[in-house]
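Structure, as structure tokens:
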Amino acid sequence: MAQNTNLKNLFSDEKATFVLVDEASETQKIDNFLLKILKNVPKSHVYKILRSGEVRVNKKRVDTTYRLMIGDQVRIPPIAIEVERTPHVIEPKQQQTDWLDTNIIYEDDALLAINKPSGYAVHGGSGLNFGVIELIRHVRPKAKFLELVHRIDRETSGILLIAKKRSALVNMHDMMRHNRIEKKYTMMVEGEWTESKKTVELMLKKTFTQGGERRVNVTEDEDDDSQNQMSKTIFYLKKSLGPYTLLEAKLITGRTHQLRVQLAHLGFPILGDDKYGDFSLNKALQKKGLKRMFLHAFSMKMKHPLTEEPLELRAPLPLELDAFLSQQAS
Numbered sequence: 003m004a005q006n007t008n009l010k011n012l013f014s015d016e017k018a019t020f021v022l023v024d025e026a027s028e029t030q031k032i033d034n035f036l037l038k039i040l041k042n043v044p045k046s047h048v049y050k051i052l053r054s055g056e057v058r059v060n061k062k063r064v065d066t067t068y069r070l071m072i073g074d075q076v077r078i079p080p081i082a083i084e085v086e087r088t089p090h091v092i093e094p095k096q097q098q099t100d101w102l103d104t105n106i107i108y109e110d111d112a113l114l115a116i117n118k119p120s121g122y123a124v125h126g127g128s129g130l131n132f133g134v135i136e137l138i139r140h141v142r143p144k145a146k147f148l149e150l151v152h153r154i155d156r157e158t159s160g161i162l163l164i165a166k167k168r169s170a171l172v173n174m175h176d177m178m179r180h181n182r183i184e185k186k187y188t189m190m191v192e193g194e195w196t197e198s199k200k201t202v203e204l205m206l207k208k209t210f211t212q213g214g215e216r217r218v219n220v221t222e223d224e225d226d227d228s229q230n231q232m233s234k235t236i237f238y239l240k241k242s243l244g245p246y247t248l249l250e251a252k253l254i255t256g257r258t259h260q261l262r263v264q265l266a267h268l269g270f271p272i273l274g275d276d277k278y279g280d281f282s283l284n285k286a287l288q289k290k291g292l293k294r295m296f297l298h299a300f301s302m303k304m305k306h307p308l309t310e311e312p313l314e315l316r317a318p319l320p321l322e323l324d325a326f327l328s329q330q331a332s
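Take 3 as the starting number for the sequence shown in this note's numbering and just add one per residue.
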């Protein structure tokens, strides 16, 4: 399967490599498929070989919108970039996997839902050997199919869905595209929020810093730019806590860093946010016990992707956030 492919066997400085698409990669877009396989190759280079036609599917040129089918033969050109060549497999440490079993919220033959702790990326990369999906595959080596349904930020805790069947993954992606999955978050922000209910709609634009780190900004530019996306959230006031406010948010769209950017733009940055927050306040809060971002995905409602039975998932507030909330409320 593609998810267990030995990357060192996919590269050659002299000739192209051919990969046969199986169930694990069916319906996946060709660019995402390549990014998954060519983890050590810069993203810009992956898109360059796609645009140039060096990547072929069944001997034909394809663009980034092409979705793979079982049996497709993908030609990957020789890439002269230094890659991982160690003959042994690096395994995660025991403490990295100990939390998995105790954080399962729901599981059946098609779906696994976990309460992801803060500090864990959903997948490896950016200097991380293991993300949540790699850890789950490590502790369940006999599983035939395990794929992320969606992503949440490394610093955010809460509900994360993993598909155990390709059909479940496809159906859940369709539900997400048509806004048929209700996601709710809880967060504590700086400032005194007074409105009981507020709908926020803002255009967001993805950018990258000189160091290659992703950033999202609010923009007034409504041009047809692939990096511009409208975001929509409904915020609810839950509790006023003097200089801080506890809010609940219902996502209508699911853009990158949506809640963090919207709230920072409105002047209510999330406590502990190291990208868009109040950095001096965050440093002071660390001394008071808040050593992470106060953002937690606590609720998800949807129909089961295969049976269509109503499914409601809930993830309790982590102990460190609950302790900080109690400290502020006292």
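All C-beta atoms, glycine included, are put in the ideal place defined by N, C-alpha and C.
Backbone secondary structure at residue i - three-state DSSP
| i | result |
| --- | --- |
| GLN329 | helix |
| LYS293 | coil |
| SER27 | helix |
| ALA18 | coil |
| ILE135 | helix |
| ILE72 | coil |
| GLU322 | helix |
| THR104 | helix |
| HIS259 | coil |
| PHE270 | coil |
| HIS306 | coil |
| LYS61 | coil |
Beta-carbon contacts of residue i that lie in its chain and below 7 angstroms, excluding the five residues immediately before and after
| i | result |
| --- | --- |
| ARG316 | PHE300 and SER301 |
| LEU150 | VAL124, HIS125, ILE135 and ILE164 |
| LEU283 | GLU192 |
| LEU292 | LEU273, GLY274 and PHE326 |
| GLU28 | LEU70, MET71, ILE72 and ARG168 |
| SER318 | The sequence given here has Pro at residue 318, not Ser. Taken in chain order, the list of residues that qualify is empty. |
| PRO271 | VAL191, GLU192, LEU265, TYR278, GLY279 and ASP280 |
Outcome for residue i when other beta-carbon atoms lying within 10 angstroms are tallied against a minimum of 16
| i | result |
| --- | --- |
| ALA251 | buried |
| VAL141 | exposed |
| GLU203 | exposed |
| MET295 | buried |
| ASP74 | buried |
| LYS50 | exposed |
| PHE237 | buried |
| ASN181 | exposed |
| LEU117 | According to the sequence as given, residue 117 is Asn; it is not Leu. Answer is buried; the Cβ neighbour count reaches 16. |
| ARG262 | buried |
| THR66 | exposed |
| LEU321 | exposed |
| ASP276 | exposed |
| THR335 | This structure does not reach residue 335, given that the chain is present from 3 up to 332, and the question cannot be answered. |
Endpoints, alpha helix (DSSP H) assigned at residue i
| i | result |
| --- | --- |
| TYR122 | No alpha helix (DSSP H) holds TYR122; DSSP gives it neither H nor E. |
| LYS45 | 45-53 |
| SER198 | Premise fails: SER198 is in no alpha helix (DSSP H) and is neither H nor E. |
| VAL172 | 168-179 |
Bounding residues of the beta strand (DSSP E) (the contiguous stretch that carries residue i)
| i | result |
| --- | --- |
| LYS277 | No beta strand (DSSP E) holds LYS277; DSSP gives it neither H nor E. |
| VAL191 | 184-192 |
| ARG316 | 312-316 |
C-alpha gap between residue i and residue j, whole angstroms
| i | j | result |
| --- | --- | --- |
| ASP24 | LEU297 | 37 angstroms |
| SER169 | GLY160 | 24 angstroms |
| LYS241 | VAL218 | 28 angstroms |
| VAL91 | GLU157 | The pLDDT assigned to VAL91 is 48, lower than 50, so where the model puts this residue is not dependable; a value taken from the coordinates is nonetheless given after this. Spanning the two alpha carbons is a distance of roughly 27 angstroms. |
| LYS199 | LEU162 | 26 angstroms |
| LEU268 | TYR122 | 28 angstroms |
| ILE382 | LYS290 | With the chain running from 3 to 332 in the structure shown, residue 382 is simply not present. |
| PRO312 | LEU253 | 19 angstroms |
| ASP110 | ASP223 | 44 angstroms |
| LYS62 | LYS38 | 21 angstroms |
| ASP324 | TYR278 | 23 angstroms |
| GLU310 | MET190 | 34 angstroms |
| ALA360 | PRO79 | The chain is shown only over 3 to 332; residue 360 falls outside these bounds and no answer can be derived. |
| GLU84 | PRO44 | Only weak support is given to the placement of GLU84: the predicted model assigns it a pLDDT of 43, under 50, and the question is left unresolved by the model. |
| ILE1 | ARG53 | Residue 1 lies beyond the range of the chain shown here (3 to 332); nothing can be said about it. |
| ALA115 | TYR108 | 5 angstroms |
| LEU243 | SER328 | 10 angstroms |
| PHE132 | VAL59 | 30 angstroms |
| VAL220 | LYS208 | 9 angstroms |
| GLU314 | VAL64 | 40 angstroms |
Residues near residue i by beta carbon distance below 8 angstroms, same chain, minus five either side
| i | result |
| --- | --- |
| THR211 | ARG217 |
| MET177 | ILE183, MET304, LYS305 and PRO307 |
| ALA112 | ALA165, LYS166, LYS167, SER169, ALA170, HIS306, PRO307 and LEU308 |
Close-in-space but distant-in-sequence residues of the same chain around residue i (CB under 6 angstroms, 5 per side omitted)
| i | result |
| --- | --- |
| SER233 | LEU204, LEU206, THR255, ARG257 and GLN260 |
| VAL21 | VAL76 |
| GLN30 | LEU70 |
| LEU36 | VAL48 |
| GLN231 | LEU206 and ARG257 |
| THR201 | ILE236 |
| LEU239 | TRP195 and SER198 |
Heavy atom of the ligand GDP within 7 angstroms of residue i beta-carbon
| i | result |
| --- | --- |
| SER46 | Within the structure as shown, the ligand GDP is missing, as the structure has no ligands at all. |
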